[in-house]
Amino acid sequence: NVLHYIENNQQCNPGELLLLDVGAEYANYSSDMTRTIPVSGTFNERQKAVYNAVLRVKNEATKMLVPGNLWAQYHVEVGKLMTSELLGLGLIDKADVQNENPEWPAYKKYFMHGTSHHMGLDTHDYGILTEPMQAGMVFTVEPGIYIPDEGFGIRIEDDVVIQETGDPFNLMQNIPIEADEIEELMNS
93 NVLHYIENNQ QCNPGELLLL DVGAEYANYS SDMTRTIPVS GTFNERQKAV YNAVLRVKNE
153 ATKMLVPGNL WAQYHVEVGK LMTSELLGLG LIDKADVQNE NPEWPAYKKY FMHGTSHHMG
213 LDTHDYGILT EPMQAGMVFT VEPGIYIPDE GFGIRIEDDV VIQETGDPFN LMQNIPIEAD
273 EIEELMNS
């Protein structure tokens, strides 16, 4: 239930989730991918509900990475998607949303980092965030929900290339991402 696990000194136990934030380099270019998998090979009902909520946000956020969109507005729209999912999961309520601080929206309690960052020669590559998105830009898409009171967090991350038209090209499209795919792979 933390963004990045530093100590790496605990045993993985049945019923827990393992969040893997990994990357590789090829021809001097970086990649960055996150998957969250159930240690026992099967998500419990709550874990799967949260996993699928994160995946829905990721899928919708990915569709917004198109030429002309602005970085700041993208994050506002992703925040709305996350708010809807957190309401559905019962993690926040309408009063939380109505009374939220615009500088720290209610969803930030469970999703406190950005949705995306530039990719390129560095994993967190430099990009001018005030310029509109352009074809050829590469971004991560990595929403997450972290629930300390329930002892787990889920993040899912892919790298995508903005296209001239249509949906971005997902560089991780052949890596299992659906909860059922992960369970099937882990139990095969």
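Every number in the working numbering is 92 more than the matching position in the sequence shown, counting from 1. In this text, a Cβ means the ideal position worked out from N, Cα and C, and glycines have one as well. All of these numbers come straight from a predicted model, not from anything done at the bench.
Item                                                                                                                                : Value
My guess is that I220 and K201 are in contact by the Cβ rule of under 8 Å, so how many angstroms apart are they, rounded?           : Actually they are not in contact, since the Cβ atoms of I220 and K201 sit about 30 Å apart, beyond 8 Å.
Along the chain, where does the alpha helix (DSSP H) that runs through G182 open and close?                                         : Note, G182: premise wrong, no alpha helix (DSSP H); not H, not E.
In its own chain, which residues sit with a C-beta less than 8 Å from the C-beta of E273, not counting the 5 before and 5 after it? : none
What are the residues that DSSP puts in a beta bridge with W196?                                                                    : N193
L173: buried (16+ other C-beta within 10 angstroms of its C-beta) or exposed?                                                       : buried
Checking 8 Å against the spacing of the C-beta atoms, do A145 and G182 come in under that value?                                    : no
Is the Cβ-Cβ distance between L111 and T134 less than 8 Å?                                                                          : no
If you run the structure through DSSP and keep just helix, strand and coil, what is E152?                                           : helix
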